[in-house]
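Each residue of the sequence shown is one higher than the last, beginning at 908 in the numbering used here.
Glycine included, C-beta positions come from ideal geometry on N, C-alpha and C.
One structure is given below, encoded as structure tokens.
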Amino acid sequence: MNKAQLEKKIAYLEFVHDQLEMELIYVDDLLKSVGFPQGLASAKEVALELLQNGGMEAHNDSEE
């Protein structure tokens with residue numbers, strides 16, 4: 908890749924990074940608005956706790 912191609916690729920990656928960062932901020936704010944006090948961090952904690960305690964298995968069993 909020449910310098911111009913690398914600069915174009917960097918610009919694209921910076922654009923994608925900005926878009927993903929804005930999406931994370933949006934999801935974090937959305938989670939806070941529905942009761943997760945620390946947003947995404949709180950949702951991750953709950954998800955991990957459910958997985959550790961077999962919460963998803965119990966949920967799946969009740970749907971059958």
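Closest by C-alpha distance to residue i, when choosing among the options
| i | options | result |
| --- | --- | --- |
| residue 933 | 946, 954, 924 and 921 | 946 |
Where residue i falls: helix, strand or coil (DSSP)
| i | result |
| --- | --- |
| residue 945 | coil |
Residue i burial status per 10 Å Cβ neighbour count (16 or more: buried)
| i | result |
| --- | --- |
| residue 958 | exposed |
| residue 938 | buried |
Proximity test, residue i beta-carbon vs the ligand COA heavy atom, cut-off 7 Å
| i | result |
| --- | --- |
| residue 919 | The ligand COA is absent from the structure shown, which contains no ligand whatsoever. |
Uninterrupted beta strand (DSSP E) stretches inside the region 908-956 (no shorter than 3 residues): none
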